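Notes follow once the structure below has been shown.
There are 2 protein chains.
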Amino acid sequence: MRSITIRSPDDFHVHLRRGSLLSSVAPFTEQYFSRALVMPNTSPAIMEAEQVIRYQEEIRLVAPRLQTLMTIKLTMRTTKATIAAAKLVGVVAAKLYPEGVTTNSQDGVSSIESLYPIFEAMQEVGMVLCLHGELPEMFVMDREWAFLETLQAISMTFPRLKIVLEHITTSDAVKMVLQLPDTVAATITVHHMKLTLDDVVGGLLKPHNFCKPIPKRHVDKNVLIGAATSGNPKFFLGTDSAPHLIENKECASGCAGVFTAPVALQCLAEIFDNEESLEFLEAFTSEFGAQFYGLPLNEGTITLRRDERWVVSTQYGGVVPFLAGETLQWWVSQSVIR
Amino acid sequence: MRSITIRSPDDFHVHLRRGSLLSSVAPFTEQYFSRALVMPNTSPAIMEAEQVIRYQEEIRLVAPRLQTLMTIKLTMRTTKATIAAAKLVGVVAAKLYPEGVTTNSQDGVSSIESLYPIFEAMQEVGMVLCLHGELPEMFVMDREWAFLETLQAISMTFPRLKIVLEHITTSDAVKMVLQLPDTVAATITVHHMKLTLDDVVGGLLKPHNFCKPIPKRHVDKNVLIGAATSGNPKFFLGTDSAPHLIENKECASGCAGVFTAPVALQCLAEIFDNEESLEFLEAFTSEFGAQFYGLPLNEGTITLRRDERWVVSTQYGGVVPFLAGETLQWWVSQSVIR
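So the protein sequences, as listed, match chains A and B. Adding 4 to a residue's 1-based position in the first sequence gives its number in the working numbering. Adding 4 to a residue's 1-based position in the second sequence gives its number in the working numbering.
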């Protein structure tokens, strides 16, 4: 196939940042996606309804066509009233970051069980729980695996709570998500289908491939590709596109995160093409996520072609994108976002 | 114990570089060590007798009191005549880098068995074989483990060839070295007794902790500490102190290597102290290596004390040292290098 037209996609995990970085990165998401689930771990973080409204307005000013699906960040201070108020302003999900696990997670959750009353409230109002599924006190390669029993416990305790295990990176996570009820799904990023630990520390050190959870082994990457291209509705796209200014990546203490928004769909087309699974691309990018979140399907379309090659820019507004300078086989020829 | 005086040490694995970097880093090795086994993967590399002589003279000019134990780098073009000529000018060891495995190893060895005639020649003249023991085509965490059967094969084929497995990082390597004959020893670096992969990619990305072989798991680190502090003569100090200018570490493609020369002995005293094994420090730093290489013991002394704390400089001549800015418990109060 030399071209494919799919329903316009949703990105169920994206970091749009704030301030000037927001202005330079949000247009890429707006260009390629109808809707975006916007992560709340900005600085300052989004934890309450009024912050949601303010942040949503900030995004609207720089990316007016993007439909934002807003989230709040759970902390040890989140109350049932927080959840109720957030629901009222349209928040669709609350995100749990275990304390210290990634960018801006210093005030994350130190005791997950103490949040059970909050999960109860989320279950009642129909708010999705998004999990950064890592136990930060474990060895970096074991953190996701070690979190899986927590995922299992939450899903067993709250059988009507919808839970998304975000940006999964291991074959263990794929297995666990498959074995849990339909209330549990997982997002898969583009970069975790492209990278292993070898691409971060295997040759020269590559800060622009550095992200959390850290990419794992080749077998894990292959299992993720298998899950994404399988047509199983438990797995859908959340890019975790996470821009950092170049000076915060190429330094003595580099931030975790890969800016994939400008290349995500092009990469996905290549991955699905290589797997001879292009017929499942639309479901992964534009259907399964919406269905899980109980949202209508988008009406726009996006067309990808592979009749020309294109070279990824080396920088966008001070941020080095994923695959900077590399040549991709697929490109977006038309995007009718509605 | 608040102070310890030991025979002045040898560093059986150090990168002194060339040019201006040589001038800024060699004095640290000269200050703390009587002798240094100087690695040959400079740019350009040291592969022939005449290059050895020239490089040795370059070092002498900036670190005149340091006794240099010179090495050559094995390549697919090394001949028996190369070995004979190198032996004549005092070369004590030849270093094997599998192709592509670390800094300046692009012209490393692609087929180890084809070097067997060279190993034969080295065995005959009594030249030590130093191995960078990693199979570069493997996943980064498995590369050392995967090399061990090559080590075993070489040692079985050349029963009189002295072999050093350099900078070991895994419990598997410790076990293999213990099980092989006395012709096989291993060096252990200071940083591999301090770091795990968590210290490189577990929090923020830390380019100044990035080295090859990549630091492994906590259990591996503990086994290395156990081997170094055990008083077993098969394990001795080779710091692999490997300075890179800050701009070659904090960048999009960072070099592997940790500059430990200014802090190596101070760190070791702390490690041995923590293990209540200070009585084995001298053997590890100043005896076992010399005995393995068949060299006389040094006559100078070095005294370390822990009655004051000192803070490691954040930079030495454009190079960020290991533990930059951190406070160490032990310091070198006197160094009588002879």
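Glycine included, C-beta positions come from ideal geometry on N, C-alpha and C. Note that the coordinates shown come from a computational prediction; the quantities given were computed from them, not determined experimentally.
ask   = Where does the unbroken alpha helix (DSSP H) through A:D176 begin, and where does it stop?
value = S175 to Q183
Contacts that A:V204 makes with chain B (C-beta to C-beta distance below 7 Å) = V205
query = Thinking just about the alpha-carbon of each residue, which of A:T307, A:V340 and A:Y320 is nearest to the one in A:R6?
reply = A:T307
message = For A:A40, tell me which candidate among A:L299, A:T187 and A:G130 has the shortest Cα-Cα distance.
response = A:L299
query = Any Cβ of chain A within less than 8 Å of the Cβ of B:C345?
reply = In the structure as shown, chain B begins at 5 and stops at 342. Residue 345 of chain B is therefore absent and cannot be evaluated.
Within chain B, partners of A:R221 - CB distance below 7 Å = F143
query = Within the 8 Å Cβ cut-off, does A:P247 reach chain B?
reply = no
task = Find the nearest neighbour of B:V323 within the set B:P247, B:V315, B:T86 and B:R313, judged by alpha-carbon distance.
result = B:P247
task = Give a single yes or no on whether A:G112 has its beta carbon closer than 7 Å to a heavy atom of the ligand SAM.
result = Absence of the ligand SAM is noted for the structure shown, with no ligands found whatsoever.
task = Look at the Cβ atom of B:L133, then the Cβ atom of B:V96, and state whether they are nearer than 8 Å.
result = no
message = Buried or exposed for A:V181, going by 16 or more other Cβ atoms inside 10 Å?
response = buried
Residue-chain proximity (A:I218, chain B), Cβ-Cβ < 8 Å = yes
key: CA nearest to the CA of A:F214, picked from A:A260, A:S47, A:I76 and A:S118   = A:A260
C-alpha gap between B:A189 and A:I229, whole angstroms = 43 Å
query = Using a C-beta to C-beta distance shorter than 8 Å, which residues of chain A count as neighbours of B:L208?
reply = S257, G258, C259 and A260
query = Since B:V204 contacts B:I218 with CB under 8 Å, what's their CB separation in whole angstroms?
reply = 7 Å
key: Candidates A:E274, A:I57 and A:L78, of which the one nearest A:A125 by Cα   = A:L78
inquiry  = Considering Cα atoms alone, identify which of B:H222, B:I87 and B:T264 is closest to B:F37.
reply    = B:T264
inquiry  = Going by DSSP in three states, B:L92 sits in which element: helix, strand or coil?
reply    = helix
inquiry  = Measuring alpha carbon to alpha carbon, tell me which residue in A:H212, A:G206 and A:A231 is nearest B:K220.
reply    = A:G206
request  = Spell out a yes or no on whether the stretch 13-31 of chain B and the stretch 323-341 of chain A are touching, meaning 3 or more CB-CB pairs, one atom from each, closer than 8 Å.
outcome  = no
key: alpha helix (DSSP H) runs contained entirely in the stretch 25-70 of chain B, provided each spans 4 or more residues   = 53-66
query = Would a check of beta-carbon distances place A:L228 closer than 8 Å to chain B?
reply = no
request  = Quick one: residues in its chain with C-beta nearer than 7 Å to the C-beta of B:T93, no 5 flanking neighbours on either side, listed in chain order?
outcome  = Looking at the sequence provided, one finds Val at residue 93 of chain B rather than Thr. Contacts found: A53, V56 and I57.
task = Identify the continuous beta strand (DSSP E) that holds B:W349 and give its terminal residues.
result = With chain B covering 5 to 342 only, the question about residue 349 of chain B has no answer from this structure.
inquiry  = Does any residue of chain A have a CB that is nearer than 8 Å to the CB of B:E330?
reply    = no
task = To the nearest angstrom, report how far apart A:E286 and A:N278 are at their CA atoms.
result = 16 Å
Under 7 Å by beta carbon: chain A residues contacting B:H212 = A256
inquiry  = If the criterion is Cβ atoms closer than 8 Å, does the pair B:T191 and B:V168 meet it?
reply    = yes
query = What residue from A:Q319, A:W314 and A:V340 has the CA that sits closest to A:D333's CA?
reply = Residue identity differs from the one stated: residue 333 of chain A is Gln in this sequence, not Asp. Of the candidates A:Q319, A:W314 and A:V340, the one whose C-alpha sits nearest the C-alpha of A:Q333 is A:W314.
query = Which whole-angstrom value describes the C-beta separation of B:F288 and B:A232, a residue pair presumed to lie in contact below a C-beta threshold of 8 Å?
reply = 6 Å
request  = For B:E34, I'd like the list of residues in its chain whose CB is within less than 6 Å of its CB, leaving aside the five on either flank, ordered along the chain.
outcome  = A67, R69 and L70
ask   = If you drop the 5 nearest sequence neighbours on each side, which residues of the same chain put their C-beta closer than 7 Å to that of A:P211?
value = K253, E254 and G258
task = Decide if A:K166 is buried, meaning its Cβ has at least 16 other Cβ atoms within 10 Å, or exposed.
result = buried
task = Decide if A:E138 is buried, meaning its Cβ has at least 16 other Cβ atoms within 10 Å, or exposed.
result = buried
A:L201 versus B:T243: straight-line alpha-carbon distance, rounded = 25 Å
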